[in-house]
Amino acid sequence: MLKRQFFAVLLAFIAMESVAFAASQDEEDKACRSDAFRLCSSEIPNKDKIEACMKQHYDQLSPPCKKMFQSSSSDNGTHDGK
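Heads up: the sequence shown is residues -22 to -1, 1 to 60, going by mature numbering (1 follows the signal peptide of the UniProt record, and there is no 0).
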């Protein structure tokens, strides 16, 4: 019985983490979609090239998109915040 409860809690936790990740991806897409089309349309659909292009044009990004790049760089240290 205790084992079942443990697995139920574990599965619930995993499900919540997945939903949170999906929500953050959706927020990032919404924040940067127009900037990607405006600045890096020639790189679509290659996501890695789009990201590199947007980093090159960081000063031209909208404030919400800059915020997404700042928050993602704090996780992996890829942007120096200039």
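Backbone N, C-alpha and C fix where the C-beta goes; we use that ideal spot for every residue, glycine too. Bear in mind the structure is a predicted one, so any value in this text is a computation, not a measurement.
| Check | Outcome |
| --- | --- |
| For S40, which residues of its own chain have a beta-carbon under 6 Å away from its beta-carbon, when the five flanking residues on both sides are left out? | D13 |
| According to the Cβ coordinates, are C31 and A9 closer than 8 Å? | no |
| Three-state secondary structure (DSSP) at I28? | helix |
| Where A1 and I28 are concerned, what is the direct C-alpha to C-alpha distance, given to the nearest angstrom? | For A1, the predicted structure reports a pLDDT of 44, less than 50, and the residue's modelled location is therefore unreliable. The matter cannot be settled from this model. |
| Which same chain residues end up closer than 8 Å to F(-2) when comparing Cβ atoms and leaving out the 5 residues on each side of it in sequence? | Reliability fails at F(-2), whose pLDDT of 45 lies under 50, so the model's placement of it is uncertain and the value that follows must be treated cautiously. Excluding positions up to five away in sequence, the list is empty. |
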